[in-house]
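Visitor: Once you've had a glance at the structure underneath, I'll fire off some questions.
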Amino acid sequence: MTASRTRASRVATGLLAAASLVAPASCSIVAPGTPAPGVAGPASAPVALSGWKLTLPVAGPGGTAAGVDPARFSPPWLTEDPGGGLTFWAPVGGATTANSSHPRTELIGLDAFAAGEEPHALTASLSVAQVPTDGQDVILGQIHGAEDIKSVPFVMLHYRAGAIDVVVKRKRSGSAADRYPLLSDVPLGARFDVGIRDNGNGTLTFTATEGERHASTDAPLPAAFSGATVRFQAGAYQQSETAGTTADDGARITFHALSTD
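If you want the working numbering, it's the position in the sequence shown, counting the first as 1, plus 63.
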């Protein structure tokens, strides 16, 4: 695979280009130690792989990205951190799924739920060791379509060049989306906490904490996804638009804690 490889499918990147609306005034920075509204703090226990399957950046029997169900450690793509966390490695030149042009090493939740009908949250404590050279962007967590809309991204939590923000797709097709900024200037290697929550009442809540900084913002649940079957995903879903020139170009993320409810 070479840098000249054409990437015909640009699902996640198309959303980023169209995400022209900035979060409304509901976005707030609150005092250190203040609990995130509607989102519990991240779990402190070692990360468990139960309840997940795994997508790898290597070709499976069908030629697209391989899957591991149920999820298990798969060196060098998914390894155990000495502290009990999970380290994800996704090279820019890896294999992709059928509906994306971006290689990933990503957990996919086995338990789907109906968007907007009950509270559901993903919370995590993590650190980003490496981002792809092109774009410096990686998706860390998602609320993603399942079953009949399994190819449709919905909510995407990004780390890009030190900034943490969330992109919410407006419709099930097309690239229209809204972007909700959370924190900026989060350095590589810094540990931070994030949360994405479907409040079950037609709203979403996103949070991020790094050091003494905490940000929280609310967003409406797009009507197109109300009642849709969705699931959580988490890992290193790098967003490089090139295949890279070296084998070590990509995204490396460690989840020190990860929980869903």
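Cβ coordinates follow ideal geometry from the N, Cα and C atoms, glycine included.
For the beta strand (DSSP E) that W330 lies in, which residues bound it at each end?
Guide: Since the first and last residues shown for the chain are 64 and 324, residue 330 lies out of range.
Visitor: Measuring CA to CA, which of G263, E210, D256 is closest to A175?
Guide: It is E210.
Visitor: Hey, would you say T142 sits closer than 9 Å to G298, going by beta carbons?
Guide: No, these two residues do not count as a Cβ contact at 9 Å.
Visitor: Going by DSSP, what residue range makes up the beta strand (DSSP E) through Q199?
Guide: That residue, Q199, is in no beta strand (DSSP E); it is neither H nor E in DSSP.
Visitor: Suppose you measure from the CA of A310 to the CA of Y300; what does that come to, to the nearest Å?
Guide: In a straight line, the C-alpha of A310 is about 16 Å away from that of Y300.
Visitor: Look at S31 and T186 and say whether their C-beta atoms are less than 9 Å apart.
Guide: Given a span of 64 to 324 for the chain in the structure shown, any question on residue 31 remains unanswerable.
Visitor: Pop quiz: A282 and D241 are said to be a contact at Cβ under 8 Å. What is the actual Cβ separation, rounded to whole angstroms?
Guide: About 7 Å separates the two Cβ atoms, so the contact holds.
Visitor: Per DSSP, which residues does K116 bridge with? Please list them.
Guide: Looking at the DSSP assignment, K116 forms a beta bridge with I171.
Visitor: What are the boundary residues of the beta strand (DSSP E) that H277 is part of?
Guide: 276 to 283 is the extent of the beta strand (DSSP E) around H277.
Visitor: Between the alpha carbons of H183 and G156, how many angstroms are there, rounded?
Guide: Distance between the alpha carbons of H183 and G156 is about 34 Å.
Visitor: Quick check on this structure: which residue in F269, G147, L246, G307 has the alpha carbon closest to the alpha carbon of A153?
Guide: The option with the nearest alpha carbon to A153 is G307.
Visitor: Could you give the residue range of the beta strand (DSSP E) that holds T308?
Guide: Careful: T308 lies outside any beta strand (DSSP E) and carries neither H nor E.
Visitor: How many angstroms separate the CA atom of F255 from the CA atom of T270?
Guide: Using only the alpha carbons, I get a separation of about 11 Å.
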